[in-house]
Each structure stands twice: as structure tokens, then as C-alpha cells.
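Read through the structure below, which is laid out as C-alpha cells, and then see the notes.
There are 2 protein chains.
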Amino acid sequence: MKKKTTIYDIAKKLNITAATVSRALNNNPNISDATRELVVSTAEKMNYEQNRLALALKSGKSNNVGVVVPRIDSNFFGSVIHGIEEELNKNGYHVIICQTDGIEAKEVANIEALLNSQVDGILISTSSNHTATFDRIIKKEVPLVFFDRKKTMKNVSSVTINDFDGGYKATKHLIETGCKRIAYLSGDTNIEIFKDRFLGYKQALLDNKIDFNKEYVVQTKSTIEDGRKAVRKLMKSTPPPDAIFSSSDFAALGAIQELKAKNIKIPTDFSVIGFSNEPFTMFMELSISTIDQFPLEMGRMTAKVFLEQVANSENVKIEKKVVLEPELILRKSTRKITSK
Amino acid sequence: MKKKTTIYDIAKKLNITAATVSRALNNNPNISDATRELVVSTAEKMNYEQNRLALALKSGKSNNVGVVVPRIDSNFFGSVIHGIEEELNKNGYHVIICQTDGIEAKEVANIEALLNSQVDGILISTSSNHTATFDRIIKKEVPLVFFDRKKTMKNVSSVTINDFDGGYKATKHLIETGCKRIAYLSGDTNIEIFKDRFLGYKQALLDNKIDFNKEYVVQTKSTIEDGRKAVRKLMKSTPPPDAIFSSSDFAALGAIQELKAKNIKIPTDFSVIGFSNEPFTMFMELSISTIDQFPLEMGRMTAKVFLEQVANSENVKIEKKVVLEPELILRKSTRKITSK
Numbered sequence: 289m290k291k292k293t294t295i296y297d298i299a300k301k302l303n304i305t306a307a308t309v310s311r312a313l314n315n316n317p318n319i320s321d322a323t324r325e326l327v328v329s330t331a332e333k334m335n336y337e338q339n340r341l342a343l344a345l346k347s348g349k350s351n352n353v354g355v356v357v358p359r360i361d362s363n364f365f366g367s368v369i370h371g372i373e374e375e376l377n378k379n380g381y382h383v384i385i386c387q388t389d390g391i392e393a394k395e396v397a398n399i400e401a402l403l404n405s406q407v408d409g410i411l412i413s414t415s416s417n418h419t420a421t422f423d424r425i426i427k428k429e430v431p432l433v434f435f436d437r438k439k440t441m442k443n444v445s446s447v448t449i450n451d452f453d454g455g456y457k458a459t460k461h462l463i464e465t466g467c468k469r470i471a472y473l474s475g476d477t478n479i480e481i482f483k484d485r486f487l488g489y490k491q492a493l494l495d496n497k498i499d500f501n502k503e504y505v506v507q508t509k510s511t512i513e514d515g516r517k518a519v520r521k522l523m524k525s526t527p528p529p530d531a532i533f534s535s536s537d538f539a540a541l542g543a544i545q546e547l548k549a550k551n552i553k554i555p556t557d558f559s560v561i562g563f564s565n566e567p568f569t570m571f572m573e574l575s576i577s578t579i580d581q582f583p584l585e586m587g588r589m590t591a592k593v594f595l596e597q598v599a600n601s602e603n604v605k606i607e608k609k610v611v612l613e614p615e616l617i618l619r620k621s622t623r624k625i626t627s628k
Numbered sequence: 289m290k291k292k293t294t295i296y297d298i299a300k301k302l303n304i305t306a307a308t309v310s311r312a313l314n315n316n317p318n319i320s321d322a323t324r325e326l327v328v329s330t331a332e333k334m335n336y337e338q339n340r341l342a343l344a345l346k347s348g349k350s351n352n353v354g355v356v357v358p359r360i361d362s363n364f365f366g367s368v369i370h371g372i373e374e375e376l377n378k379n380g381y382h383v384i385i386c387q388t389d390g391i392e393a394k395e396v397a398n399i400e401a402l403l404n405s406q407v408d409g410i411l412i413s414t415s416s417n418h419t420a421t422f423d424r425i426i427k428k429e430v431p432l433v434f435f436d437r438k439k440t441m442k443n444v445s446s447v448t449i450n451d452f453d454g455g456y457k458a459t460k461h462l463i464e465t466g467c468k469r470i471a472y473l474s475g476d477t478n479i480e481i482f483k484d485r486f487l488g489y490k491q492a493l494l495d496n497k498i499d500f501n502k503e504y505v506v507q508t509k510s511t512i513e514d515g516r517k518a519v520r521k522l523m524k525s526t527p528p529p530d531a532i533f534s535s536s537d538f539a540a541l542g543a544i545q546e547l548k549a550k551n552i553k554i555p556t557d558f559s560v561i562g563f564s565n566e567p568f569t570m571f572m573e574l575s576i577s578t579i580d581q582f583p584l585e586m587g588r589m590t591a592k593v594f595l596e597q598v599a600n601s602e603n604v605k606i607e608k609k610v611v612l613e614p615e616l617i618l619r620k621s622t623r624k625i626t627s628k
């Protein structure tokens with residue numbers, strides 16, 4: 289990069305002191321109009337820019353907020369980020385985004401990069417157990433808000449949906465439509481949201497006197513391919529399941545593709561329900577039942593929690609837990625409730 | 289934010305000069321081990337951190353690269369960004385992402401935010417005609433590379449696909465399968481990629497002696513809803529078209545939904561081809577023919593062009609134009625070529 293013009297360069301050029309240049313550029317009334325005009329026009333000619341970042345270093349404010357997500361190319365995170373931007377942009381903040389691919393080392397590096405560029409806050413959906421990084425953010429007193437994939441930490445706010453309820457509702461619906469052997473496609477249960485969905489699933493089974501069968505639980509990534517693989521594995525169980533609750537819409541889609549390839553009729557003989565309400569679940573010919581998480585609302589709430597935090601005096605510790613209620617969306621991949 | 293500990297604070301605490309603190313922290317050999325150890329342990333106790341950004345200001349290097357795209361939640365841009373990250377991460381750079389929603393003012397603000405956080409380069413798919421912003425990047429000698437949605441600018445490199453060829457291939461295929469009245473769903477023709485796809489479409493018509501009919505051109509955004517609207521409008525023409533080439537897969541999907549709602553048989557009576565090879569085009573029951581743009585490759589190339597640029601001496605001006613060749617992907621929404 290080109291060496292930046294400094295006030296010293298301007299001072300040298302005009303044969304005046306740097307302090308005079310600084311005062312002139314900052315409209316100090318002790319400087320004559322003639323001098324001010326000379327300094328300003330020289331500064332312009334020399335491409336001088338008051339370094340806003342240097343100002344940020346002094347004032348501790350960059351007006352940039354960092355958002356960290358596992359992936360940017362899902363509708364869910366895309367919508368959350370739109371919600372965040374909507375609120376923050378109108379409050380004068382810019383949003384810069386990093387994705388982690390769900391990899392801890394990448395998440396740590398991203399946070400480091402954001403801290404180094406002096407962001408005013410970090411809003412994160414975490415895939416990491418590396419609490420030292422979060423401690424570092426807190427120690428630096430950079431506002432931190434978790435959304436969706438949170439860590440439970442003291443004095444840190446979070447905006448999530450009730451994943452337990454989501455898992456419970458999805459499973460309960462399958463039971464109410466007559467399914468008896470319900471498999472669960474799980475994400476990484478080290479991540480709280482997936483653990484909670486799993487607990488909701490188990491509780492719904494228990495409340496309806498259906499035995500939990502660990503053979504019916506398959507850990508998948510949120511991909512079509514993993515959904516297909518899971519079905520290939522599950523259909524070897526005896527007896528095979530008659531329904532799948534997938535903690536990811538992508539895996540649900542893969543499951544449906546594989547079930548169709550095996551000529552299994554959906555929803556007559558097999559039901560599938562996903563999680564997230566990704567748009568494709570709606571526009572498939574065999575549209576997919578799923579759980580809506582209100583991502584736009586989640587993004588807006590996350591931004592509001594951040595704004596509240598920065599508006600507060602430094603001595604007030606806020607820990608706000610916002611929990612959104614998920615909603616069951618019924619489509620063609622599950623049966624209608626006939627008797628109740 | 290908390291006031292940062294400076295070397296002056298450490299100096300005061302230890303009753304030594306700031307210069308000594310600085311030398312100790314920077315392993316200057318003129319400082320005794322005892323002093324160094326005392327300074328380092330005091331710095332740790334006081335939560336001192338060498339401000340890497342301040343270092344960046346001096347060295348002009350932050351190791352952060354900014355990527356600006358119209359939207360993050362499409363597979364196309366998601367994949368380009370993955371390609372960029374793949375190359376840049378292994379070269380020690382972090383990627384921070386901004387989205388513009390295709391709005392010029394937001395793009396300008398994003399670039400400003402990135403410049404303020406001292407990024408080492410800006411890789412952008414632009415929706416803006418505000419060339420002053422690009423001039424500013426160039427003047428600051430921050431490496432700038434366009435990808436996909438480019439501006440033709442002197443001394444600025446770009447990585448694009450041959451959108452003209454893409455438009456030509458899609459249209460030619462429709463003609464070869466017997467379509468006579470081919471409508472075109474256009475994006476914003478102020479954006480070069482959409483203009484080029486349109487020119488390819490027109491050239492294919494011309495080369496096959498089919499009159500261009502401007503009634504068959506509808507400007508749409510890249511959304512399902514705009515695709516539906518376009519079909520409602522087009523089917524009022526006399527005669528109505530018998531095929532659609534859509535410059536966006538999302539609009540193609542909307543068009544197909546609306547055609548189905550009107551009980552028009554695809555591909556028997558009406559053909560549709562999209563652009564981008566978004567994953568949903570493949571996994572629909574009526575899978576959608578489209579144009580593949582090799583986004584991962586585009587991302588990798590964009591990163592490589594950037595790396596080449598920073599590796600070069602400051603006196604060498606590079607202007608590299610990389611053009612990828614798009615590929616026709618044939619699926620169920622267009623007919624097979626029967627006679628040729």
C-alpha cells in the first residue's frame with residue numbers, strides 16, 4: 289500500500305508546525321482563515337485523509353459490528369443477517385460478516401480478525417467450545433451477543449429459539465399422525481441447539497409412551513448427502529422406522545430423495561419433518577413439513593439486544609435471554625391428523 | 289469500551305520510561321532479561337495487548353481481505369466466497385464479508401467500512417455505478433478485484449464468466465429443441481453481466497433468423513415472485529411465447545410455478561431455462577435446465593489474482609481479465625434435441 293500522507297508531510301511542505309496543521313484541519317478558532325484554507329487545499333492536493341481508523345483507536349468506536357455464522361449460504365442465516373442489518377444500519381452501524389464452516393479454528397481466527405479491526409461488537413452463532421476466545425472478547429469489553437447457536441455464559445446475552453419445543457412439536461406431530469417408529473437425524477450434540485432438539489424429541493416420545501431406540505438416532509451434517517446416507521443406514525434396522533424427524537431441512541431433503549429412490553411412499557408409508565423452514569421446503573412438489581424459526585425476527589432482536597447494551601452505562605451488566613417460540617409448518621411430507 | 293492499557297501506563301506503574309517498556313516488549317537486546325521479564329509480567333497483569341491494528345496502521349497490513357457481494361444467501365455467491373476463503377486462508381488472510389442487497393448506497397457504505405478497518409484488499413461483485421468509490425480504493429492503493437458483476441476499469445483486474453456465451457448457449461438450445469417464441473427474463477441491464485446475457489440471447493435469435501420481439505423481454509429481480517409476475521404478463525402477449533430463458537434461476541423457478549398453475553405442460557408445450565445452477569434447480573422433481581458458472585473456481589481465481597497483485601512490486605500495474613466459460617446443464621424443463 290502507498291505510504292499515507294501525514295500531517296507532518298503537510299507541515300513540511302508549508303514550512304509550518306504539525307500542530308498548526310492539526311489545528312487547522314480540526315477547525316481550531318485560533319487559526320486564521322487564510323492559514324486554514326491553505327492547509328486544507330494543500331491537504332487535498334496531497335491526498336491527505338484524516339484516518340478514521342486512527343480516530344476509532346482513540347475514541348474506541350469504529351461503527352462496524354462483526355457477525356459470525358457457521359455458513360452464509362443458508363436461508364436461515366441469510367435472513368438472520370438481514371434482520372441484524374435492518375436494525376443496525378438505521379442506527380449508523382455497518383455489518384461485516386465472517387463464516388466459520390462450523391470449524392472451531394476458523395471461528396477463533398475470525399474473531400481475532402474482527403477484534404483486530406476494532407469492531408464495536410460481535411454477534412455470533414458459535415460452533416466452538418473454545419471459551420477462552422469469548423473470555424477475551426468480554427475482557428476487552430467488546431459487546432458480545434449470541435444468537436441461535438449459543439454458549440451459556442454469565443453476563444452474556446443471547447437470542448435463541450426454544451429448540452426443545454421445536455423438537456417436541458415436530459415429534460409430537462409425527463406421533464399424532466400415527467407414526468410409531470420415529471428416527472431422529474441429529475446435528476452435532478455438542479452444540480446446544482441440537483442437544484435441545486434431541487431432548488425435545490425424547491420427551492415427546494416419553495410423554496406418548498413410545499420407547500426411545502438409540503438405533504433410530506443418526507448423527508448427520510446439515511447436508512443432502514448426509515440425509516441420504518442416514519436413510520440407507522436406518523432402513524437396515526429391524527424393524528425400520530416409519531418416520532424421520534430431521535434437525536436440518538437439508539438432511540430432510542436428502543432423506544426424502546433416498547426414500548423416493550427406494551420407492552417408499554411419502555407420506556402414506558413414511559413421514560418426514562425437517563427443521564428451519566428453508567424456502568426449498570415450500571417449493572418442492574412434495575413440500576416438506578418443518579419448524580419455522582423466525583430468523584428475520586431473531587436478527588432484529590439480536591441487533592436490539594446489542595444496541596441496548598451499548599446504550600447502557602459501562603457499569604451496568606446486562607444479561608438478557610430472548611427466546612423465540614418456534615412454529616410447526618405442516619406440508620405434504622407428513623400426514624394429516626385424522627383422529628383426535 | 290474499556291480504556292486500553294498503554295505502554296505509558298506500564299511505564300508509570302514500573303517508574304521507567306515508555307521507551308524502555310517498548311524495547312522490552314519488542315525484545316530489544318539492549319534490555320536486561322530481568323527488566324524484560326518484569327515488563328512482560330506487568331503487561332500481562334494489566335491486560336496489555338500490543339494493538340495489532342496499530343501495528344497494521346504502521347505496516348499497512350491487517351491480513352484481512354474484504355469481500356462485497358449483492359447477497360450472501362445464494363448458492364452462487366456462497367460458493368464464490370468459499371473459493372475465495374479456501375485460497376486466502378491458506379495464505380494467512382482472513383475474509384470479512386459485506387452484502388449490499390444490490391443497493392448502491394449500501395455498497396458505498398460497505399466499502400467505506402472496509403477501508404476504515406484497513407483491509408488489505410477488496411474483492412467485489414458490484415451493483416454500483418458510483419465509480420468515485422472505486423477511484424478512492426485505487427487512489428489508496430488497496431488492491432481491488434472485481435468478480436462476476438464487474439465494472440470495466442483501467443488497471444483493475446476481474447474474474448468473470450462469459451455471460452454473452454451463457455446467454456447465447458441457453459437461447460440456442462431452446463431454438464434447437466424447436467422453440468420459436470423465446471421470452472427473456474432480464475436482470476438490471478445497467479449491470480454488465482445482465483447486459484451481456486441479453487446480447488447473447490439477441491445474437492442467438494439473429495443467427496437463427498428469429499425476429500427479436502421486445503414484448504418478450506421482461507425485467508425481473510432475481511426472485512421467485514418476479515418470475516411468476518413475468519409469466520402472468522407474458523401470457524397476455526399474442527401470440528404468447530413458447531419458451532423462457534431466465535437470467536436468474538430464482539425467476540425461472542417462479543416462472544415454472546406460474547406456468548404449472550396455468551396448467552401449461554413443461555417441457556412438452558413450454559420450455560424454461562435458468563442461469564446459475566443453484567442447487568434447487570437440480571433437486572426439483574421437474575429439474576431445471578440452466579447454465580453453470582463454476583462459482584468455486586471463480587472464487588479461487590479471484591483470490592489468486594489478488595495474491596498475484598500483492599506479491600508484485602508496487603511499480604507494476606497488473607490488469608488481468610480472467611474469463612471462465614459457462615456450461616449448459618440440460619434437465620427436465622427443456623426438451624431433448626430430436627432432429628438436427
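These protein sequences, in sequence, are chains U and A. Position one of the first sequence corresponds to residue 289 (the working numbering), numbered consecutively onward. Position one of the second sequence corresponds to residue 289 (the working numbering), numbered consecutively onward. Built from N, CA and C at the ideal position, the CB exists for glycine as well.
query: CB valine 357(U) to CB glutamate 373(U), shorter than 7 Å?
result: no
### chain U residues whose Cβ lies nearer than 7 Å to that of glutamate 573(A)
Glu573
Contact set between lysine 427(U) and chain A, taken where Cβ atoms lie within less than 7 Å: Asn335
What residues from the stretch 366 to 380 of chain A come within 9 Å of chain U, judged by C-beta to C-beta, listed N to C?
Gly366, Ser367, Ile369, His370, Glu373, Asn377
| request: Check whether the Cβ atoms of alanine 458(U) and phenylalanine 538(U) lie closer than 7 Å to each other. | output: Contact flag unset, no.
N-terminal and C-terminal residue of the alpha helix (DSSP H) that glutamine 545(A) is part of
537 to 549
Under 8 Å from the C-beta of histidine 382(A): neighbouring residues of chain U: Cys386, Ala397, Asn398, Glu400, Ala401
Next on the checklist: So that I know if they touch, is there some Cβ in chain A lying closer than 7 Å to that of phenylalanine 568(U)?
Outcome noted: Closer than 7 Å: yes.
key: Interface flag, serine 416(A) vs chain U, CB-CB below 7 Å   = no
What does serine 362(A) reach in chain U if we use C-beta pairs closer than 9 Å?
-> Correct list: Asp361, Gly366.
Starting from the beta carbon of leucine 541(A), find every residue of chain U whose beta carbon is closer than 7 Å, and list them in chain order. Phe571
Practice item. Check distances from the C-beta atoms of the stretch 445 to 460 of chain A to those of chain U and list, in chain order, the residues that come in under 8 Å. Key: Per Cβ criterion, the list is empty.
key: Chain-ordered neighbours of asparagine 443(U) on chain A, where CB pairs are closer than 9 Å   = Think of a sphere of 9 Å around the beta carbon of asparagine 443(U): no beta carbon from chain A falls inside it, the nearest being about 14 Å out.
According to DSSP, is valine 368(A) part of a helix, a strand, or is it coil? helix
#### Entry: The beta strand (DSSP E) enclosing isoleucine 512(A), as first and last residue numbers
Run containing isoleucine 512(A): none in the beta strand (DSSP E); it sits in the alpha helix (DSSP H), 512 to 522.
Taking just the CA atoms, how far does serine 416(A) sit from isoleucine 298(A)?
Between the C-alpha atoms of isoleucine 298(A) and serine 416(A) there is a straight-line separation of about 48 Å.
Taking the alpha-carbon of serine 535(U) as reference, which of Ala518(U), Ala306(U), Pro317(U) has the nearest alpha-carbon? Per the Cα distances, Ala518(U).
- Taking 7 Å as the cut-off, decide whether the C-beta atoms of valine 610(U) and valine 433(U) are in contact. no
| said: With a threshold of 7 Å between beta carbons, is serine 510(U) in contact with chain A? | reply: The C-beta of serine 510(U) comes no closer than 7 Å to any C-beta of chain A.
Cβ separation of proline 529(A) and tyrosine 504(A), assumed to be a contact under 8 Å, to the nearest whole Å: Proline 529(A) to tyrosine 504(A), Cβ: 5 Å. Contact.
Problem - Length at least 3, wholly inside the stretch 364 to 443 of chain U: the beta strand (DSSP E) runs in chain order - result: 382 to 387, 409 to 412, 432 to 435
Next on the checklist: Looking at isoleucine 319(A): is its Cβ nearer than 7 Å to the Cβ of alanine 306(A)?
Outcome noted: no
Extent of the continuous beta strand (DSSP E) to which leucine 616(A) belongs = 615 to 617
Inset, instruction - Return the chain-ordered list of same chain residues with a C-beta closer than 8 Å to the C-beta of glutamine 369(U), the five sequence neighbours on each side being excluded. - result: According to the sequence provided, residue 369(U) is isoleucine. The question's glutamine does not apply to it. Closer than 8 Å at Cβ, skipping near neighbours: Val355, Val357, Ile360, Val383, Ile385, Gly587.
*For the beta strand (DSSP E) holding glycine 562(A), just list the boundary residues, first then last.*
Premise fails: glycine 562(A) is in no beta strand (DSSP E) and is neither H nor E.
Exposed unless 16 or more other CB atoms sit within 10 angstroms - verdict on leucine 341(U): Because leucine 341(U) carries a pLDDT of 47, less than 50, the predicted location of this residue cannot be relied on, and the following value inherits that uncertainty. Result: buried.
TODO: Return helix, strand or coil for leucine 612(U), following the three-state DSSP convention.
DONE: strand
Practice problem: Output yes if chain U places a C-beta closer than 7 Å to the C-beta of asparagine 551(A); else output no. | Solution: no
Q: Tell me, please, whether the CB atom of serine 320(A) is closer than 7 Å to any CB atom in chain U?
A: Look at serine 320(A): its C-beta is not under 7 Å from any C-beta on chain U.
Notebook entry, point to check: Does the beta-carbon of glutamate 546(U) have 16 or more other beta-carbons within 10 angstroms, so that it is buried, or is it exposed?
Noted result: buried
Discussion item. Which residues in chain A have a C-beta closer than 9 Å to the C-beta of serine 350(U)? List them in chain order.
Written reply: Chain A residues near serine 350(U): Ala401, Asn404, Ser405.
Query raised in the report: Can you tell me the Cα-Cα spacing of alanine 531(U) and phenylalanine 558(U), whole angstroms?
Result: 5 Å
- Item | Residue of Lys442(A), Met334(A), Phe486(A) minimising C-alpha distance to lysine 427(U) | Met334(A)
| field | Helix, strand or coil at tyrosine 504(A) according to DSSP, with G and I counted as helix | value | helix
Contact the stretch 398 to 405 of chain A vs the stretch 608 to 623 of chain A: 3+ CB pairs below 8 Å: no
- Task: For glutamine 597(U), go through chain A and note every residue whose CB falls closer than 8 Å to its CB, in chain order.
- Result: Residues of chain A passing the Cβ test: none, with the nearest at roughly 12 Å.
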